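J.: The structure is given below, and queries will be raised subsequently.
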Amino acid sequence: MLWLFGLFKIPLIGYVRPRLLEITDERMVIRLPLRRRTRNHLGSMYFGALAIGADLAGAFQAFYIAEELGRKMSIVFKDFQAEFLKRPEADVYFVADAGSQIRQMIEESVTTGKRITRQVEIKAYTGYPQQPEQVAHFRLGLSLRDKTLKS
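Per my numbering, residue 1 is the first one in the sequence shown, and the count goes up by one each step.
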């Protein structure tokens with residue numbers, strides 16, 4: 001699903017070749033390889049590639065939970081904050097543990113019919129999971145609205 005989304009909807013996602021490593025009701029882990037396509041002039045991961053990884057970890061968790069609940073949702077980000085802690089000089093793993101929060105947001109949108117926006121946190125690591133070293137912290141304003149009943 002991630003590959004098809006990158007191929008047909010947002011080609012830039014496909015270009016950086018992310019890999020979905022884990023998806024559960026609570027957690028999503030995506031790996032972005034450090035390659036020529038994601039590297040900057042210093043040999044570390046380009047901040048634009050880091051933004052793509054954070055976006056995917058938050059948005060795909062929302063898509064996954066919405067599909068699990070049988071809902072069609074309009075999913076966008078209203079804001080994006082990043083704190084870069086260390087230059088990532090290896091593959092980067094984006095971890096989102098916002099499943100229960102996203103589930104509550106979807107249920108609230110279904111109940112009220114309104115767009116719901118909340119901050120979700122995504123942490124980025126190298127050396128994950130054996131020797132994780134956090135390299136960045138992201139806060140994204142995830143905004144979603146139920147559109148299942150819309151025509």
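For glycine and all other residues, C-beta sits at the position ideal for the given N, C-alpha and C. These numbers were taken from a predicted model, which means no experiment stands behind them.
Give the DSSP-derived three-state secondary structure of Ala98 in the structure shown.
T.: Coil.
J.: On the DSSP letters alone, give me the boundaries of the alpha helix (DSSP H) that Tyr125 sits inside.
T.: Here Tyr125 belongs to no alpha helix (DSSP H); instead the beta strand (DSSP E) covers Ile116 to Thr126.
J.: Answer with buried or exposed for Phe80, where buried requires no fewer than 16 other C-beta atoms within 10 angstroms of its C-beta.
T.: Label assigned to Phe80: exposed.
J.: Buried or exposed for Gln61, please, with buried defined as at least 16 other CB atoms from any protein chain shown within 10 angstroms of its CB.
T.: Gln61 should be labelled buried.
J.: Buried or exposed, going by whether 16 or more other CB atoms sit within 10 Å of the CB of Pro18?
T.: Buried.
J.: Measuring CA to CA, which of Leu21, Tyr93 and Ser109 is closest to Ala66?
T.: The option with the nearest alpha carbon to Ala66 is Ser109.
J.: Are the stretch 33 to 43 and the stretch 85 to 100 in contact at 8 Å, needing three or more beta carbon pairs?
T.: The stretch 33 to 43 is in contact with the stretch 85 to 100.
J.: Taking Leu50 and Ala136 to be in contact with their CB atoms under 8 Å, please state how far apart those CB atoms are, rounded to whole angstroms.
T.: That belief holds up - the Cβ atoms of Leu50 and Ala136 are roughly 6 Å apart, short of 8 Å.
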